[in-house]
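Peer 1:
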Amino acid sequence: MKNKAAYTLRLYVYLVFFSTALIGCSDTPAKISPYGMEAQRLGELKLGALCDLLDTWDTWDWSQIWEELDSRGVPRRYCVDPGVRRVVDFAYALKTHDKNQSLSQLSDSYLCAARQMLAREDKFGSEEKKILDSQMQKRQLSPASCERAISVAAQELCESYRVPESDWTFDEIESAKRMNSDVLTQIGALGLEPYRYCETISMAKLKEEKLREAERLEEEKLREAERLADELEDKRARLAALTRQRQFNIDRLRITTVTYLGNETCSEGADHTILLEGVIGPDSSFAMSQLLEEMRPCKDSGGKTILPVKVKLHSGGGLLDHGYALGHSLRRFRAHTLVENGKVCASSCAVAFLGGLERSLEDNASLLFHAPYFDRKNEYGKIDPDCKVGKDALNELGQYYRDMTTPEEGDRLLDRTLWYCSADDGWVITGNDAARLFGIASSE
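Each residue of the sequence shown is one higher than the last, beginning at 5 in the working numbering.
1) List in chain order: all unbroken alpha helix (DSSP H) runs of 4+ residues lying wholly within the segment 138-167.
2) Looking at E362: is its Cβ nearer than 9 Å to the Cβ of S446?
3) Run the CB neighbour count on V348, radius 10 Å, all protein chains shown included, and call it buried at 16 or more, exposed below.
4) Leaving aside the five residues before and after D304 along the sequence, list all residues of the same chain whose C-beta is less than 6 Å from its C-beta, in chain order.
5) Is T409 helix, strand or coil when you go by DSSP?
6) In terms of alpha-carbon separation, which member of W423, R335, L246, R420 lies closest to S293?
7) Taking a contact to mean a Cβ-Cβ separation below 9 Å, would you say G435 touches E413 in this structure?
8) Among E297, C302, H326, which one has its Cα closest to the Cα of G282?
9) Looking at Y404: is its Cβ nearer than 9 Å to the Cβ of F373?
10) Looking at the unbroken beta strand (DSSP E) that takes in E71, where does it start and where does it end?
11) Indicate whether L401 and V355 have their beta-carbon atoms separated by less than 9 Å.
12) Nearest-angstrom Cα distance between A53 and Y82?
13) Is the distance from the Cβ of I284 to the Cβ of L330 below 9 Å?
14) Where does R119 land, buried or exposed, given buried means 16+ other C-beta within 10 angstroms?
15) Below 7 Å CB to CB, which residues in the same chain sit around N184 once its five sequence neighbours on both sides are set aside?
16) Please determine, among F290, I177, T341, the residue with the shortest C-alpha to C-alpha distance to E366.
17) Could you tell me the distance, in whole angstroms, from the CA atom of E219 to the CA atom of Q144?
18) Relative to the C-alpha of R248, which residue among K239, T261, L236, I254 is closest?
19) Just tell me which of L324, P301, Y114, G320 has its CA closest to the CA of K314.
20) Rounded C-beta distance between S352 and G321? I'm assuming under 8 Å.
21) Give the secondary structure of C349 by DSSP, where H, G and I count as helix, E and B as strand, and everything else as coil.
22) Starting from F3, follow the beta strand (DSSP E) in both directions and report where the run begins and ends.
23) Would you mind giving the Cβ-Cβ distance between S289 and S319, rounded to the nearest angstrom? I have them listed as a contact below 8 Å.
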């Protein structure tokens with residue numbers, strides 16, 4: 005019974021792994037002169053100082069040091085065997101050196117780690133191993149369950165391990181070092197390589213966290229994209245429910261009307277748009293007059309027109325008289341004429357364009373003006389324009405220009421128009437700024 009108690013006492017010292025409450029490793033003090041021992045008791049010295057005394061005292065004094073080591077439960081090999089010294093130092097660092105401590109108080113992870121350590125250290129006796137084996141059998145701890153217990157405990161400890169990042173402050177780095185030092189001591193007490201284990205765990209964890217963060221952001225992007233798609237689809241559905249579209253195909257003319265009923269600023273009427281494409285012919289003015297007659301422009305509560313009917317023109321032209329007629333119809337209904345980006349409104353279409361009460365071109369839209377001509381063909385079957393149309397025809401064109409713009413702007417436009425006697429070429433204006441400069445466009 006006495007021997008078993010002695011073995012148990014020694015075992016408490018060998019268990020590097022008994023507790024997680026750190027008090028710091030003992031420092032190795034400077035050598036103490038043996039001649040001062042009468043004034044200082046051995047019990048007040050640290051273990052390192054006791055070992056230093058072994059290098060200086062005579063052989064007959066060693067027994068006092070052995071007794072002191074024995075009283076502390078420290079193996080005598082502590083002073084001569086680095087492996088034993090490391091074990092005991094860890095035991096003190098972890099505050100596991102307690103003569104009254106019971107093995108039953110140890111966690112599974114530290115009990116397993118202690119047994120694995122003793123298995124590696126052949127210098128320890130078999131009695132210590134038997135005591136540990138008995139305790140492990142009571143807990144039904146197998147080698148596999150021990151591996152799991154140690155791994156789980158180590159990973160939990162490494163949760164507190166922090167890998168410094170480039171944007172950390174000095175204080176943050178120092179705080180992490182202190183915390184990491186405690187963690188690494190306890191990891192070492194589990195019989196693992198502290199730095200390698202926690203660094204591996206931390207880097208893997210950091211990589212996993214970054215991967216999870218990337219996945220989370222990707223999921224958020226997908227959800228946001230789905231939300232926007234649903235929102236867009238909902239807007240399209242609501243817009244479609246509030247939009248009325250009709251199309252009219254008349255000879256070589258195509259007219260499309262779009263009416264939007266959802267504009268809340270309209271106390272009366274609606275937001276109307278007409279797209280005219282094709283040849284300006286005898287049906288253009290009639291069809292447009294009929295449509296404009298039934299369309300009520302958007303007006304506010306005071307009866308003021310805030311959104312006139314917009315007429316978009318895209319045509320290579322037609323007969324001049326039909327351009328005059330369409331232009332007068334547009335002016336009578338106070339429509340807003342517009343040429344869109346990439347589109348051209350030429351010849352009699354450009355003449356009709358001037359009928360808009362408000363006129364504008366998008367940046368890459370063009371108007372083409374040329375002199376009026378009689379349509380005749382040459383011997384090759386190609387159009388050979390005859391621009392000698394007579395004074396009356398020119399006066400009529402000039403008067404139309406002046407009526408739709410101003411006298412000065414109309415005369416300038418007529419002069420530029422007459423420079424070009426061609427069925428294919430003419431004076432080209434592109435963009436709203438250029439058109440405003442010549443008074444052709446009236447709004448921004």
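The C-beta atom is built at its ideal place from N, Cα and C for all residues, glycine as well. No experiment lies behind these values; they were computed from the predicted model shown.
Peer 2: Looking at the atomic coordinates:
1) As for any alpha helix (DSSP H) of minimum length 4 sitting wholly inside the segment 138-167, the runs are 147-162, ordered along the chain.
2) Yes; because the gap between Cβ atoms is below 9 Å, this pair is in contact.
3) buried
4) S271, I310
5) coil
6) R335
7) no
8) H326
9) no
10) No beta strand (DSSP E) holds E71; the alpha helix (DSSP H) holding it covers 66-75.
11) Yes, they are a contact pair.
12) 12 Å
13) Going by C-beta atoms, I284 is nearer than 9 Å to L330.
14) buried
15) Y165, R166
16) T341
17) 41 Å
18) T261
19) P301
20) With a beta-carbon spacing of about 4 Å, S352 and G321 fall inside the 8 Å limit used to define contacts.
21) strand
22) Residue coverage of the chain in this structure runs from 5 to 448, which leaves residue 3 outside it and unanswerable.
23) With a Cβ gap of about 13 Å, S289 and S319 do not count as contacting.
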